[in-house]
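Residue numbers (the working numbering), protein chains in the order written: chain A, 14 to 529; chain B, 36 to 183.
Beta carbons: idealized from backbone N, C-alpha and C, even for Gly.
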Amino acid sequence: MGIEESRRSIRTKLLLTMGGLAVGACLLLGFSTIVQLRGVTLRQTQDSLESLATLTAHNISAGLDFGMPNSVQDALSGLFGVDGVRFAQVHEASGRIFVAMGDPCPVTFEGAPPPGTIVERLPEMLIARTPVRDGTGLVIGTLAIGYSLAETNRLIRTNVLFLLGITLALAAISVFIGHTLGRRLTTPLLGLTEAARRLSLGHFDEPLRIDSNDEVGLLARTFDMMTARLASFRREVERTNQQLEAKVRERTEELRQKNITLELQNERALEASRLKSAFLANVSHELRTPLNGILALSELLQDGLAGDLTDEQRAHISMIHGSGSNLLKLINDILDVSKIEAGRLELRPIEWDILSEIRTIATEMQPLASSRGLELRVQVADGHPVWIDRDRLRQIVVNLLGNAIKFTERGYVEVSASIDAEKERLIVGVLDTGIGIAPEDQRAIFQEFRQVDGSPSRRYGGTGLGLSISLRLAELMGGKLSVDSVLGRGSRFRLTVPAPRVALGQQSGRALSEAA
Amino acid sequence: MTIPHADIRILVAEDDPTNQYVFTAILRSAGFEPTIVENGLLALEKARAERPQLFLLDMMMPVMDGYETAWRIVQDPLFDGIPIIALTARAMQGDADRTLQAGCDDYLSKPIRRQEFLEKIDFWLEADPSEWMPRRLAMRVPSDRSAA
């Protein structure tokens, strides 16, 4: 749109300028000529009329002087041979008309005859008046001759029309020339505009091909040069881009390959982990199936359901049952370690009065302590339901208490538990007067298959996994398990785990979700 | 209050011969006369022939495992009112939940303890079906698929 407007503007300007100049000049020149011509013609006519009047006045002098109208008429009739003479009148000195010929006079004359020949100009007529003198020079009358200007005016009108015709022709020629010139000027400009537009769209490869030696041609050539430069710049940029893209592709491909490798490795790792879990599940099942037989049948025998046993047989059966139980415990512990290591052990917190639970555990462990001649002291406060994984916490406490009883020959074992309501955590302490743990061993006891003497110990039994599992479970619950011990004097294990109080409004909801 | 066991039919699906013997021995010691089959498919066949009062299903069995068997028992109105106790290896976390989701009413972990085992059986024999059947009915899919 803008381009169209500017093109029109340039052409219009050219046309207006050229046409206006030509027409203006023509009109100015023509009219001044016509005006001059008219002036000259009028003056000549006037002069001729003046001469004619003077001469005629002389010719009619005698006729008027002697009162001979016919003679005057004769003299005057010759006037009408001249084109344009319309009337002739002769007045006596008194003003009375002596002779009147031709058209009636459009004006009336008053007063005395003029002193010399005068010419009056009316729009369509020249009227000459001249005094008629007798032989002595005395004014005896006036001669008036009317000369029509119709012919002169017609001539001038023709001239004006002719002038207008020429002006029109000139204007037409100007328009034509202006149009042509305009096109010659605007075409390359439009070409440039179009080229600039294409350039802006990214077409650098088409030169303008404007053959012209003027400024427009120079502009076009400069434009072509600029386009060529731009094209070469663009090729450069494109080449660089392509190189960059190639590099990016290369790197992307490398990354993709690495990703594939990683994914494969990850898949293999996951598959391995899955297989390990499946393997463990299967092994566990396969081990439990015969264990079920061993334990259940030894129970049947112990209970005398297959008949009475000798004391020796009873002792053997008891050992079989004990070994089976240990094996089962070992299987369970190994499974726990595997699950924790694989990150597959999920906590299942429920709302539970965990302090009561700990008292129950102590009660359950009482017979074991008594059988070893140990006192089991219980210092557990009254509690309230908290949010905790009951089974896993139970597992830890049973393990700690079991260890304390196992590694204590004399004295007592004490379990204490309380809830720090402010920090919302459970604190459990298990203290014994047992063999204790040397400082250098206090870290090692939390590792798998380690007891204080550094090897799987048969002296104290157990799998050597209990403390390791307890520590990992405590950490999984967001808590801590630590030991403080003096060799030969005893040990104190301290467990702290988060135990958020169950809000009143949440109790029913949690109970429901647990039930589901 | 112990109910007389002699006329109680307990159907046990268990593939391991030793455990078949163990379960038989324990159940007999309590006066039951159990029927033992080797897999779930046989259990379903047997159950259709002689409607038992209790199912004891091992979960890991060839041909048809305990989960599938429990699911089919749940879907079949013929077995309404017969409780299912699952016997699991308790190998992985969630095993117990899986048995309940499959439609079992209770579960026992292997190795079993005789006392606990017999107590659980008595509990379910005495349980009122009107209390536990709604859960089973809620698990039943619409009838056009119940035959599956």
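Can you tell me whether DSSP reads residue i as helix, strand or coil?
| i | result |
| --- | --- |
| A/His104 | strand |
| A/Pro513 | coil |
| A/Ala125 | coil |
| B/Arg86 | coil |
| A/Phe420 | coil |
| A/Arg79 | The residue asked about is misnamed: residue 79 of chain A is Phe in this sequence, not Arg. Three-state DSSP puts A/Phe79 in coil, outside helix and strand. |
| A/Thr401 | Thr is not the amino acid found at residue 401 of chain A; the sequence shown has Ile there. If DSSP states are grouped into helix, strand and coil, A/Ile401 belongs with the strands. |
| A/Phe506 | strand |
| A/Ser431 | strand |
| A/Asp445 | strand |
| A/Met138 | strand |
| A/Asp116 | coil |
| A/Phe111 | strand |
| B/Ala65 | coil |
| A/Leu198 | helix |
| A/Val95 | coil |
| B/Pro177 | coil |
| A/Leu389 | strand |
| B/Ile43 | coil |
| A/Asp324 | helix |
| B/Phe48 | A small correction: the amino acid at residue 48 of chain B is Ala; Phe does not occupy that position in the sequence shown. Strand, per DSSP. |
| A/Thr373 | helix |
| A/Ala355 | coil |
| B/Thr59 | helix |
| A/Thr171 | helix |
| A/Gly191 | helix |
Under 8 angstroms, do residue i and residue j count as touching if we go by C-beta distance?
| i | j | result |
| --- | --- | --- |
| B/Pro164 | B/Gly116 | yes |
| A/Tyr160 | A/Leu183 | no |
| A/Ile169 | A/Arg51 | yes |
| B/Leu76 | B/Val98 | yes |
| A/Ser429 | A/Gly442 | yes |
| A/Val399 | A/Ile432 | yes |
| A/Pro513 | A/Glu453 | no |
| A/Ser483 | A/Ile450 | no |
| A/Asn305 | B/Ile147 | yes |
| A/Val145 | A/Ala88 | no |
| A/Ile333 | A/Ser311 | yes |
| B/Ile108 | B/Leu89 | no |
| B/Thr134 | B/Met95 | no |
| A/Ile307 | A/Gly356 | no |
| A/Asp109 | A/Pro127 | Per the sequence presented here, residue 109 of chain A reads as Arg, with Asp not at that position. Not closer than 8 angstroms, so no. |
| B/Ile45 | B/Thr59 | no |
| B/Ala82 | B/Leu92 | no |
| A/Asp366 | A/His397 | yes |
| B/Arg171 | B/Gly138 | yes |
| A/Ile458 | A/Leu480 | yes |
| A/Arg301 | A/Ile344 | yes |
| A/Ala185 | A/Thr130 | no |
Given that a residue counts as buried once 16 or more other Cβ atoms are within 10 Å of its Cβ, and exposed if not, what is residue i?
| i | result |
| --- | --- |
| A/Val103 | buried |
| A/Gly32 | buried |
| B/Arg149 | buried |
| A/Thr155 | buried |
| A/Gly195 | buried |
| A/Leu27 | buried |
| A/Glu364 | buried |
| A/Thr165 | buried |
| B/Val57 | buried |
| B/Gln110 | buried |
| A/Asn83 | exposed |
| A/Leu231 | exposed |
| A/Gln326 | exposed |
| A/Met490 | buried |
| B/Asn74 | buried |
Please confirm if residue i has its CB atom under 8 angstroms from at least one CB of chain C.
| i | result |
| --- | --- |
| A/Leu318 | The structure shown has no chain C; the protein chains it does contain are A and B. |
Given a limit of 8 angstroms on CB to CB distance, which residues of the stretch 164-176 of chain B reach chain A?
none
Checklist line | Near-chain A residues of the stretch 75-108 of chain B - C-beta to any C-beta below 8 angstroms | finding: Met95
Notebook entry, point to check: Any residues in the stretch 298-312 of chain A with a beta carbon nearer than 9 angstroms to a beta carbon of chain B? Which ones, in chain order?
Noted result: His298, Glu299, Leu300, Arg301, Thr302, Pro303, Leu304, Asn305, Gly306, Ile307, Leu308, Ala309, Leu310, Glu312
Beta strand (DSSP E) runs wholly inside the stretch 25-85 of chain A, at least 3 long, in chain order: none
Check your understanding: Using a Cβ cut-off of 7 angstroms, which residues of the stretch 51-62 of chain B contact any Cβ in chain A, in chain order?
Key -> Asp51, Thr53, Asn54, Val57, Ala60, Ile61
Notebook entry, point to check: Where are the alpha helix (DSSP H) runs, 4 residues long or more, that stay fully inside the stretch 204-285 of chain A, in chain order?
Noted result: none
If you measure beta-carbon to beta-carbon, which residues of the stretch 145-161 of chain B are closer than 8 angstroms to chain A? Lys145, Pro146, Ile147, Arg148, Arg149
Those runs of the beta strand (DSSP E) which lie wholly inside the stretch 83-161 of chain B and span at least 3 residues: 89-93, 119-123, 141-144
- Just by C-beta distance, which residues in the stretch 340-358 of chain A are closer than 8 angstroms to chain B? Leu341, Leu348, Lys352, Arg357, Leu358
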